[in-house]
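S.K.:
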Amino acid sequence: MNQAIERILVLAPHTDDGEFGCGGSIAKFVEEGKQVFYAAFSTAEKSVPNGWPKNILETEVKEATKRIGIPPANLIIYKYEVRKLNYVRQEILEELIKIKKELNPHLVFMPTQNDLHQDHQTVATEAVRAFKQVSILSYELPWNTITFHTQGFIKLQQNHVEKKIQALQAYNSQSGKDYASEDFIRSWARTRGTQIGTTYAEAFEITRWVIE
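Numbers 606 to 817, taken from this note's numbering, label the letters of the sequence shown in order.
1) Can you check DSSP and say which residues form a bridge with R797?
2) Quick one: using the 10 Å Cβ neighbour count with 16 as the cut-off for buried, is A617 buried or exposed?
3) Please list, in chain order, all residues of the same chain as G674 whose beta carbon is under 8 Å from its beta carbon, the five residues on each side excluded.
4) Taking W721 and N749 to be in contact with their CB atoms under 8 Å, please state how far apart those CB atoms are, rounded to whole angstroms.
5) When the distance is taken between beta carbons, is G626 closer than 9 Å to L761?
6) So who's on the other strand from D720, going by DSSP bridges?
7) Since L742 contacts L712 with CB under 8 Å, what's their CB separation in whole angstroms?
8) Could you check if S740 is buried or exposed, using at least 16 other CB atoms within 10 Å of its CB as the buried criterion?
9) Which stretch, first to last residue, makes up the alpha helix (DSSP H) that contains T664?
10) Closest by CA to G572, which one among G629, E611, G628 and P654?
11) Among the candidates T799, I702, Q718 and D724, whose CA atom is the shortest distance from the CA of Q738?
12) Taking 9 Å as the cut-off, decide whether the C-beta atoms of K684 and P677 are in contact.
13) Secondary structure at H619, three-state DSSP: helix, strand or coil?
14) Buried or exposed for P710, please, with buried defined as at least 16 other CB atoms from any protein chain shown within 10 angstroms of its CB.
15) Rank V766, Q800, V728 and N660 by C-alpha distance to the C-alpha of V693 and give the top, closest one.
16) Please state the DSSP three-state secondary structure of Q640.
17) Between which residues of its own chain and T803 is the CB-CB distance below 6 Å, once the five residues before and five after are set aside?
18) Tell me the DSSP secondary structure of F736 in three-state form.
19) Taking the C-alpha atoms as reference points, what is the distance between G623 and G798?
20) Give me the residue from T730, N660, V615 and G638 with the minimum Cα distance to I681.
21) H754: buried (16+ other C-beta within 10 angstroms of its C-beta) or exposed?
22) From the DSSP output, read off the bridge partner residues of Y683.
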């Protein structure tokens with residue numbers, strides 16, 4: 606990893622998107638002493654399963670990011686309504702510009718612009734606008750994409766994958782989803798690792814890469 610990269614920002618349209626998309630890489634960066642910040646734009650209260658408190662995802666993202674090593678002070682939580690981020694895209698753009706000025710990140714992770722979810726598309730589109738001079742890697746959420754170009758890879762060790770799994774296990778309210786299973790997360794990392802001749806990895810689309 607470029608030694609000039611010290612501050613990293615993860616953009617998650619909904620709580621847990623960041624852990625799914627680049628949780629192993631987050632664990633690796635934390636281990637290397639990098640500053641990692643995480644911004645979640647919706648706690649998806651209207652999508653919470655019956656029987657759970659409406660604010661459960663806010664509680665769970667705090668625990669998940671703690672498990673993966675992100676300091677509580679580096680977690681930013683917005684309360685935009687799920688499935689309606691496109692209604693407030695200008696407001697989101699202004700928040701992203703504000704984050705850029707405050708944090709001046711060297712690297713930004715965001716969903717791929719090929720993601721079918723309207724909230725993911727909104728955050729990705731506005732992030733490209735906000736972070737015009739910053740390196741951007743776009744993560745995959747396979748259940749939401751038709752195409753994804755594996756142009757960049759971050760090698761992971763087993764402990765990074767375990768940290769990712771532990772973080773995702775904090776989302777008890779989402780545990781019934783097939784893609785939240787430990788087997789899937791591990792095999793996904795194994796598949797991406799196989800592409801580059803290592804055991805585990807995460808893959809990304811290179812949206813923008815700036816070399817110092």
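Glycine residues also receive a C-beta, built at the ideal position from the N, C-alpha and C atoms.
From a predicted model like this one, the values you see are computed outputs, not experimental measurements.
M.R.: Reading it off the structure:
1) Looking at the DSSP assignment, R797 forms no beta bridge with any residue, so it has no partner.
2) buried
3) I631, A632, V635, E636, V641 and K768
4) For the sequence presented, residue 721 should be read as Leu rather than Trp. The pair is a contact, with the Cβ atoms about 5 Å apart (cut-off 8 Å).
5) no
6) T750
7) 7 Å
8) buried
9) I661 to I673
10) With the chain covering only 606 through 817, there is no way to say anything about residue 572.
11) I702
12) no
13) strand
14) buried
15) V728
16) strand
17) K760
18) coil
19) 19 Å
20) V615
21) exposed
22) None, per the DSSP bridge assignment.
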